[in-house]
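Contents: one structure, followed by commentary.
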Amino acid sequence: MRFNTALLHGNFKCDEKTGATQVPIYQSTSFEQKSPEKLENIFKGSEIGFIYSRINNPTVESFEKRIAFLEGGVGAVACSSGMAAITLAVLNILKSGDEIVSGSGIFGGTHSLFKNLSDYGIVTRYAEDSEVESFEKAVNQNTRLIFVETIGNPRLDVPNIKELAKLAHSKGIPLIVDNTAATPYLIRPLKLGADIVVHSTSKYISGSGNTIGGVIVDGGNFKWDFKKYDTLKEYEKFGVFTYLAKLRKGLFKDIGACLSPFNAYLSSIGLETLGIRMERICENAKELSLYLEKNPKVLKVNYPGLKSSKYFKRANEQFDGKFGGILTIRVGTKDAAFKIINSLKFPSNLANIGDVRTLVIHPASTIYATNTCEERQMMGVYDDLLRISVGIEDIEDIKEDFDQALKSL
Ligand SMILES: *Cc1c(COP(=O)(O)O)cnc(C)c1O
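Last residue of the sequence shown: 404 (this note's numbering), numbering continuous.
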């Protein structure tokens, strides 16, 4: 099944009872079972069934199955946000004293999370750059996972997933990949050897900026060493579902960061058009980046699809000639960056990516405002940097808009 077909038909059928083409919204807290014996079995795990919407829900499950199919995983757990997904994906296997090795050009929220986890005895070490050797240098005996983004937001690094998976496995640890910015349209990390994929579905997957959500997908292939990951041991009986069973029966249930049925419904509808949106977004982003590169008032355009990007070759191979929808530009000063935002007519000035409409933000004064200068430097956030998340508009309008905004400088 090819990509756009899979978006519509992969692990999804019309509602069996009614023929409804969309998944029904099961807006129910709990689910009655026919007998106490059956409910007992469901709680035990010897029968499957729905219990309580903090644990599972048919609308949410439908979304989980579709995403798992797309990413090529054995299953998925949908969460209330991308941050919830990342938090739970890592805490599912970590204990105090364990360490994370992470890519450095990562999303500000994830960086903040990793910083806060140090209060619980979990240390994060950052690879100096996005090359495998730098990750290898940061790994030690206490490392329990490698975390990376397929396209780092906002530094736009493109790490080599295949090589990183090899490195992780040689150290007996899993590779967890945040595939929010690239989406399965560009890459399916599990197919390249990654072990677990997370998404903020608030972005490209839902697509219209109408819901917050996240998802964790497990490839089911990682061979857990239960001496090293002893908290997984009691779930060994679930075989390829060891990680997911611990997650759903453990912190996911306990923390309660579940996705609501309505948000799962919106995300499912968004998912169906991911392919055509991404096709257009990638084309638009490439065209805008080429256009802005020619404008002398723009000092630097960063986009993995430009020959000037040091990731061009790798992105071209790894993403099969597509490069995503995010680019950044440097315009000299914070003042100039603000002037441009104030002059733009179409792009919305807000903290989000992956919307159908073009978005712009000055990261240094917003998402990264509480970071130190050093941290900002590491994450590739400069005072004169603007991040643009390109939408599906007619790109001529967006080009003209940037043209007039840059003239205002
Ligand atoms: C937005 C984002 C997140 C966090 O997702 P939320 O749904 O906002 O919690 C995580 N990773 C990346 C790459 C993101 O862009």
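A virtual CB, placed ideally from N, CA and C, is assigned to each residue, including glycine.
Taking Cβ to Cβ, would you say I182 is nearer than 7 Å to L140? Between I182 and L140, the CB-CB gap reaches or exceeds 7 Å.
Specify the secondary structure class of H194 as computed by DSSP and reduced to three states. Reduced to three states, the DSSP call for H194 is strand.
State buried or exposed for Y47, treating a residue as buried only when at least 16 other CB atoms are found within 10 Å of its CB. By the neighbour-count rule (16 or more Cβ atoms within 10 Å), Y47 is not buried but exposed.
For I168, does the count of other Cβ atoms within 10 angstroms reach 16, so buried, or fall short, so exposed? I168 is buried by the Cβ-count criterion.
According to the neighbour-count rule (16 or more other Cβ atoms, all chains shown, within 10 Å of its Cβ), is C368 buried or exposed? C368 is classed as exposed because its beta carbon has fewer than 16 other beta carbons within 10 Å across all chains shown.
Answer yes if the stretch 260 to 267 comes into contact with the stretch 3 to 18, meaning at least three C-beta pairs across the two stretches below 8 Å, and no otherwise. Flag = yes, the stretch 3 to 18 and the stretch 260 to 267 touch.
Of the residues K305, A240, A252, which one's Cα is nearest the Cα of S41? Out of K305, A240, A252, A240 has the C-alpha closest to the C-alpha of S41.
Could you name the residues of the same chain whose beta carbon sits closer than 7 Å to that of A331, not counting the 5 residues immediately before and after it, in chain order? Here the set comprises D379, L404.
For F26 and E32, the rounded distance between their alpha carbons: Taken atom to atom, the span from the alpha-carbon of E32 to that of F26 is near 15 Å.
Cα-Cα separation between V212 and A63, rounded to whole angstroms: In a straight line, the C-alpha of V212 is about 6 Å away from that of A63.
Determine the extent of the beta strand (DSSP E) in which R120 is found, giving its start and end residues. For R120, the uninterrupted beta strand (DSSP E) run begins and ends at 118 to 121, by DSSP.
Inter-residue Cα distance where the pair is I348 and I321: Roughly 8 Å between the two C-alpha positions.
Ignore the nearest five residues each way along the sequence and tell me which others in A133's own chain have a CB closer than 6 Å to its CB. Cβ neighbours of A133 beyond the five flanking positions: V96, R120, A122.
Going by the CB atoms, is the gap between N290 and L401 shorter than 7 Å? In this structure, N290 lies closer than 7 Å to L401 by Cβ.
Below 7 Å CB to CB, which residues in the same chain sit around P184 once its five sequence neighbours on both sides are set aside? Result list for P184: T145, I156, V172, N174, V192, in chain order.
Mind reading off the beta-carbon distance from S427 to L254? Whole number of angstroms is fine, and I expect it under 8 Å. Because the chain here runs from -4 to 404, residue 427 falls outside it and cannot be looked at.
Given 6 Å as the limit, tell me if D173 has its C-beta closer than that to any heavy atom belonging to ligand 1. Placement of the Cβ of D173 at a distance of less than 6 Å from at least one heavy atom of ligand 1 is found.
Just the Cα atoms here: how many angstroms apart are N297 and K317? Answer to the nearest angstrom: the Cα atoms are 15 Å apart.
Mind the definition here: the stretch 298 to 311 touches the stretch 269 to 288 only if three or more C-beta pairs lie below 8 Å; say whether that holds. Verdict: yes, contact present.
Return helix, strand or coil for A364, following the three-state DSSP convention. Looking at A364 - three-state DSSP - the assignment turns out to be coil, as it is neither helix nor strand.
Only counting the same chain, and skipping five residues up and downstream in sequence, which positions put a Cβ closer than 8 Å to that of K110? If you ignore the 5 residues before and after K110, its C-beta comes within less than 8 Å of the C-beta of T119, all in its own chain and listed in chain order.
Okay, do the stretch 350 to 365 and the stretch 203 to 212 touch, 3+ Cβ pairs below 8 Å being the bar? Taking a cut-off of 8 Å for Cβ pairs, the stretch 350 to 365 and the stretch 203 to 212 touch, as three or more such pairs fall below it.
Nearest to W219 by alpha carbon, out of Y363, V55, D190, E126? The shortest CA-to-CA distance from W219 to any of Y363, V55, D190, E126 is the one to D190.
If contacts are defined as beta-carbon pairs under 8 Å, then G98 and G147 qualify, I think. What distance do you get, rounded to the angstrom? At roughly 6 Å, the Cβ-Cβ gap stays under 8 Å, so G98 and G147 are in contact.
Buried or exposed (CB count within 10 angstroms, at least 16 for buried), A160: By the neighbour-count rule (16 or more Cβ atoms within 10 Å), A160 is buried.
Can you determine whether any heavy atom of ligand 1 sits closer than 6 Å to the C-beta of G77, and answer yes or no? At least one heavy atom of ligand 1 is nearer than 6 Å to the Cβ of G77, so yes.
Compute the minimum distance between the beta carbon of F109 and the heavy atoms of ligand 1, and state whether it is under 6 Å. No; taking the cut-off as 6 Å, the Cβ of F109 has no heavy atom of ligand 1 nearer than that.
Can you tell me whether H357 is buried or exposed, with buried defined as 16 or more other CB within 10 angstroms of its CB? Per the 10 Å Cβ criterion, buried.
Under 8 Å by Cβ, that's how I've got G375 and R150 pegged, so tell me the actual separation to the nearest angstrom. G375 to R150, Cβ: 3 Å. Contact.
Do L269 and L2 have their C-beta atoms closer together than 7 Å? Contact: yes.
Could you tell me which whole alpha helix (DSSP H) segments of length 4 or greater appear in the stretch 258 to 328? Within the stretch 258 to 328, the complete alpha helix (DSSP H) runs of at least 4 residues are 269 to 288, 307 to 313.
7 Å Cβ cutoff met for E66 and P179: The answer is yes: Cβ separation under 7 Å.
Whole-angstrom distance between H194 and Y260, CA atom to CA atom: Rounded to the nearest whole angstrom, the C-alpha separation of Y260 and H194 is 16 Å.
Quick one, which of G209, L86, D398 has its alpha-carbon nearest P256's? The candidate whose alpha carbon is nearest that of P256 is G209.
With DSSP as the reference, label T206 as helix, strand or coil. Looking at T206 - three-state DSSP - the assignment turns out to be coil, as it is neither helix nor strand.
Can you say whether S360 is buried or exposed, counting buried as having 16 or more other CB atoms within 10 angstroms of its CB? Under this definition S360 is an exposed residue.
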